[in-house]
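In my numbering, the protein residues as written are 3 to 487.
Cβ atoms here follow ideal geometry from the backbone N, Cα and C, with glycine treated the same way.
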Ligand code: ASP
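Shown next as structure tokens:
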């Protein structure tokens with residue numbers, strides 16, 4: 003269906019809804035306020051449907067507009083006390099959109115990585131790219147955490163919290179903190195270097211595929227790709243071609259799914275906002291108390307995201323920073339809306355290949371690895387949170403303890419799933435290592451979600467930056483003319 007036709011249909015549907023609400027109002031079924039708010043919310047929803055159909059406007063603008071509509075819809079419905087409507091009627095659409103993306107993440111990584119590795123002329127390249135990738139991922143994470151610690155030491159966000167506020171915050175987050183601490187205990191059991199290595203090699207690759215164990219899938223795909231290159235006399239060609247075509251097809255699926263991205267992010271944000279709205283009174287107090295802490299995290303994230311990454315792109319690649327940023331904006335917006343770098347992965351791959359011009363030989367390996375082992379934003383946030391909690395609980399941190407935080411947070415980010423909220427679970431491990439009471443996470447739980455949204459943007463930007471840098475060092479970035487922007 004073409005856009006003008008859909009626009010007319012949307013307007014007609016909206017008019018119908020308004021008439022129905024008016025009738026319900028006249029019949030005394032709903033109050034004036036509720037009728038107006040419901041009409042507004044439905045209007046916002048239809049506008050996001052319309053945004054999905056506006057092919058001419060760049061995708062990132064349409065996603066951004068849909069995000070704003072989602073916030074407006076969430077606020078409107080929260081005002082008339084209709085969070086149920088969001089939870090049951092709108093939020094599932096966001097979950098549906100995320101499921102679509104998650105559905106293709108595993109096949110995309112498998113197909114593109116096998117095809118990418120099998121088509122490499124020299125197998126030493128795999129090792130070289132791997133080495134650079136891991137070194138850059140760990141290096142950028144350590145820099146991010148250091149920035150977080152420096153900014154937190156400078157701004158001292160915990161020093162303004164008095165004991166009454168502290169006790170109130172601790173009490174409000176106590177129950178949830180207990181659950182998170184139990185989860186952290188479970189996830190840190192048996193972790194060590196050998197445990198980590200054991201976790202990478204799947205005993206059954208099909209189980210790894212079925213459960214979405216990204217590192218195990220990467221390992222299996224790499225080995226399969228290398229094995230294919232070793233088959234004699236071009237015997238592997240049909241198989242490599244098959245994987246290549248399957249990979250092309252899955253990328254095409256990303257494009258199809260992204261057509262409904264505005265509806266998806268609209269629903270995701272409406273869901274998040276309505277959830278906040280439900281306990282607005284409590285959140286109001288928490289927000290005021292934690293404003294300094296939140297500002298510190300955001301400032302540090304901005305320094306890392308807006309200075310360190312552009313600097314890396316500028317000095318280590320020939321890709322113009324503007325082109326890079328413009329290309330990855332859809333992935334960043336999606337990361338913000340979904341709080342999950344894993345769900346964003348298919349879009350990140352598409353943006354980096356199509357927009358930045360990185361060859362899939364590099365992106366199919368570097369990006370899936372990054373979604374799992376690289377979490378700069380999360381590490382940085384852990385640095386700030388650790389200082390904040392230590393200050394509020396009056397624990398003095400020595401320089402050595404702070405360096406320990408850098409080390410533990412860098413290592414903790416490896417092998418942790420990139421899904422909403424894992425950052426706070428990893429934080430517990432970091433706190434324990436630094437000798438800060440882990441119950442302290444209760445202080446910051448109330449504002450974890452908005453910060454999770456921000457740090458996920460940095461996580462995804464970090465993956466895309468390292469991928470571009472590694473690809474550039476191998477001559478695997480197409481020039482501007484051939485990269486679609
Ligand atoms: N949500 C983040 C991600 O998926 C992880 C976290 O910081 O909780 O990248």
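Just checking my contact of residue 444 with residue 171 at CB under 8 Å: how many whole Å lie between their CB atoms? Against the chain shown, residue 444 aligns to sequence position 442. Against the chain shown, residue 171 aligns to sequence position 169. With a Cβ gap of about 7 Å, residue 444 and residue 171 count as contacting.
Suppose you measure from the CA of residue 456 to the CA of residue 303; what does that come to, to the nearest Å? As a first step, residue 456 is located in the chain shown; it is residue number 454 there, counting from the start. As a first step, residue 303 is located in the chain shown; it is residue number 301 there, counting from the start. In a straight line, the C-alpha of residue 456 is about 8 Å away from that of residue 303.
Helix, strand or coil: which one does DSSP assign to residue 474? In the chain shown, counting from the first residue as 1, residue 474 sits at position 472. In the structure shown, residue 474 falls within a helical segment according to DSSP collapsed to helix, strand and coil.
Any chance the segment 230–248 sits against the segment 309–327, with 3 or more Cβ pairs inside 8 Å? The segment 230–248 vs the segment 309–327: no contact.
Quick one: using the 10 Å Cβ neighbour count with 16 as the cut-off for buried, is residue 258 buried or exposed? As a first step, residue 258 must be located in the chain shown, where it is residue number 256. Per the 10 Å Cβ criterion, exposed.
At a threshold of 8 Å, does residue 155 count as lining the ligand ASP (C-beta to nearest heavy atom)? On the chain shown, position 153 is the one that residue 155 refers to. It does not: the Cβ of residue 155 is nowhere closer than 8 Å to a heavy atom of the ligand ASP.
What do you get for residue 181, buried or exposed, if any count of 16 or more other CB atoms within 10 angstroms of its CB means buried? Here residue 181 refers to the residue found at position 179 when the chain shown is read from its first residue. By the neighbour-count definition (other C-beta atoms within 10 Å, threshold 16), residue 181 is an exposed residue.
In terms of DSSP beta bridges, what is residue 479 paired with? Position 477 of the chain shown, counting from 1, holds the residue named residue 479. DSSP, once it has assigned bridges, lists 360 as partnering residue 479.
With a threshold of 8 Å (Cβ to nearest heavy atom), would residue 379 be considered close to the ligand ASP? Locating residue 379 in the chain shown gives position 377, counting from the first residue. Under cutoff, so the answer is yes.
Look at residue 217 and residue 361 and say whether their C-beta atoms are less than 9 Å apart. The residue given as residue 217 occupies position 215 in the chain shown. The residue given as residue 361 occupies position 359 in the chain shown. In terms of Cβ geometry, residue 217 and residue 361 do not form a close pair [threshold 9 Å].
Using C-beta distances below 7 Å, list every residue in its chain close to residue 140, excluding the 5 sequence neighbours before and after it, in chain order. Stepping through the chain shown from its first residue, residue 140 is reached at position 138. 412, listed in sequence order.
Run the proximity test for residue 431: is its beta-carbon closer than 8 Å to any non-hydrogen atom belonging to the ligand ASP? Here residue 431 refers to the residue found at position 429 of the chain shown. False, no ligand heavy atom lies under 8 Å from that Cβ.
Which word fits residue 486, buried or exposed, when buried means at least 16 other C-beta atoms lie within 10 angstroms of its C-beta? Along the chain shown, one-based indexing puts residue 486 at 484. Here the model assigns residue 486 a pLDDT of 49, short of 50, so the residue's position is not dependable and the matter cannot be decided.
Given this structure, state the Cα-to-Cα distance separating residue 468 from residue 461, to the nearest angstrom. Walking along the chain shown from the start, residue 468 turns up at place 466. Walking along the chain shown from the start, residue 461 turns up at place 459. Their Cα atoms are separated by approximately 11 Å.
At what residue ranges does the segment 419–479 contain a whole run of the alpha helix (DSSP H), taking only runs of 4 or more? Listed in chain order, they are 424–436 and 450–475.
Short of 7 Å in beta carbon distance, which residues of its chain neighbour residue 219, apart from the five on each side in sequence? Order them along the chain. Indexing the chain shown from 1 puts residue 219 at position 217. So the qualifying residues of the chain are 108, 111, 112, 210 and 211.
With distance defined between alpha-carbon atoms, name the residue in 321, 401, 339 and 250 nearest to residue 480. On the chain shown, residue 480 is found 478 positions in, with the first residue counted as 1. Selected option, being the one with the closest Cα: 321.
Going by other Cβ atoms of all chains shown within 10 Å of its Cβ, with 16 needed for buried, is residue 393 buried or exposed? Walking along the chain shown from the start, residue 393 turns up at place 391. When all chains shown are included, residue 393 counts as buried.
With three or more beta-carbon pairs closer than 8 Å as the criterion, would you say the segment 435–443 touches the segment 316–332? Flag = no, the segment 435–443 and the segment 316–332 do not touch.
State the Cα-Cα distance for the pair residue 427 and residue 342, rounded to the nearest angstrom. As a working note, residue 427 is residue 425 in the chain shown. As a working note, residue 342 is residue 340 in the chain shown. Going by C-alpha positions, residue 427 is about 15 Å away from residue 342.
Within the continuous alpha helix (DSSP H) that includes residue 214, where are the two ends? Position 212 of the chain shown, counted from the first residue, corresponds to residue 214. Counting along the chain, residue 214 falls outside any alpha helix (DSSP H), and DSSP gives it neither H nor E.
C-beta contact flag for residue 80 and residue 269 at 9 Å: In the chain shown, residue 80 corresponds to position 78, counting from 1. In the chain shown, residue 269 corresponds to position 267, counting from 1. Between residue 80 and residue 269, the C-beta gap is not smaller than 9 Å, which leaves the two residues out of contact.
Can you tell me whether residue 101 is helix, strand or coil according to DSSP? Position 99 of the chain shown, counting from 1, holds the residue named residue 101. Three-state result, residue 101: helix.
What does the alpha-carbon distance come out to for the pair residue 452 and residue 230? The residue you call residue 452 lines up with position 450 of the chain shown. The residue you call residue 230 lines up with position 228 of the chain shown. For residue 452 and residue 230, the distance between alpha carbons rounds to 45 Å.
From 277, 116, 136 and 71, pick the residue whose C-alpha is nearest to that of residue 86; which is it? Here residue 86 is taken as the residue at index 84 of the chain shown, counted from 1. When the alpha-carbon of residue 86 is set against those of 277, 116, 136 and 71, the nearest one is in 277.
Could you check the C-alpha separation between residue 21 and residue 77 for me, to the nearest Å? By one-based count along the chain shown, residue 21 stands at place 19. By one-based count along the chain shown, residue 77 stands at place 75. Taking the straight line joining both Cα atoms gives about 23 Å.
With a threshold of 8 Å (Cβ to nearest heavy atom), would residue 342 be considered close to the ligand ASP? Position 340 of the chain shown, counted from the first residue, corresponds to residue 342. Yes, the ligand ASP has a heavy atom inside 8 Å of this Cβ.
Between the beta-carbon of residue 306 and the beta-carbon of residue 382, is there less than 9 Å? Reading the chain shown from its first residue, position 304 is the one you call residue 306. Reading the chain shown from its first residue, position 380 is the one you call residue 382. A contact, by the Cβ cut-off of 9 Å.
Closest to residue 117 by CA distance: which of 179, 227 and 410 is it? Counted from its first residue, the chain shown places residue 117 at position 115. That would be 227, whose Cα lies nearest to the Cα of residue 117.
For residue 132 and residue 422, what's the separation of their Cα atoms in angstroms? Stepping through the chain shown from its first residue, residue 132 is reached at position 130. Stepping through the chain shown from its first residue, residue 422 is reached at position 420. Cα to Cα, residue 132 sits roughly 27 Å from residue 422.
Beta-carbon proximity check, residue 203 vs residue 448, cutoff 9 Å: For the purposes of this step, residue 203 is identified with residue 201 of the chain shown, where counting begins at 1. For the purposes of this step, residue 448 is identified with residue 446 of the chain shown, where counting begins at 1. Not a contact, by the Cβ cut-off of 9 Å.
Leaving out five residues on either side along the sequence, give the residues of the same chain with a beta carbon under 8 Å from the beta carbon of residue 368. Residue mapping note: residue 368 aligns to position 366 of the chain shown, counting from 1. Here the set comprises 131, 135, 465, 468, 469, 472 and 473.
Should residue 383 be listed as close to the ligand ASP, given that the test is whether its C-beta is under 8 Å from any heavy atom? Here the question's residue 383 lines up with position 381 in the chain shown. Yes - the ligand ASP has a heavy atom lying nearer than 8 Å to the Cβ of residue 383.
Is any non-hydrogen atom of the ligand ASP found closer than 8 Å to the C-beta of residue 41, if you look at the structure I gave you? The count along the chain shown starts at 1 and reaches residue 41 at position 39. Checking every heavy atom of the ligand ASP against the Cβ of residue 41, none is found closer than 8 Å.
Would you say the beta carbon of residue 77 comes nearer than 8 Å to a heavy atom of the ligand ASP? In the chain shown, the residue the question calls residue 77 occupies position 75. Outside the cutoff, so no.
What does the alpha-carbon distance come out to for the pair residue 354 and residue 363? The sequence position of residue 354 within the chain shown is 352, counting from 1. The sequence position of residue 363 within the chain shown is 361, counting from 1. Rounded to whole angstroms, residue 354 to residue 363 spans 12 Å at the Cα level.
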